[in-house]
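Trainee: In our numbering, the protein residues as written are 5 to 60.
Can you keep this structure in mind? I'll have questions shortly.
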């Protein structure tokens with residue numbers, strides 16, 4: 005499988021926002037790792053996407 009283009013989503017779907025329960029906690033989603041994922045730090049992977057048609 006080749007590297008996906010910028011227009012082609014690697015993972016597509018609807019995901020529920022979750023909140024870390026602490027003052028100033030992060031809002032995040034848990035997604036399955038893409039097949040070609042390589043993590044760099046603490047198992048995190050940088051992503052971008054849309055929430056209600058707005059880029060996030």
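Note that the Cβ used here is the ideal one computed from N, Cα and C, for glycine as well.
Which residue from 56, 48, 24 puts its Cα closest to that of residue 37?
Mentor: The candidate whose alpha carbon is nearest that of residue 37 is 48.
Trainee: Please return the same chain residues whose Cβ sits closer than 8 Å to the Cβ of residue 33, not counting the five positions on each side in sequence.
Mentor: 19, 20, 21, 22.
Trainee: Less than 6 Å between C-beta atoms, sequence neighbours within five positions excluded: which residues of the same chain meet that for residue 76?
Mentor: Nothing about residue 76 can be read from this structure; the chain reaches only from 5 to 60.
Trainee: Apart from the five residues on each side of it in sequence, which residues of its chain come closer than 6 Å, Cβ to Cβ, to residue 55?
Mentor: Hits under 6 Å: none found.
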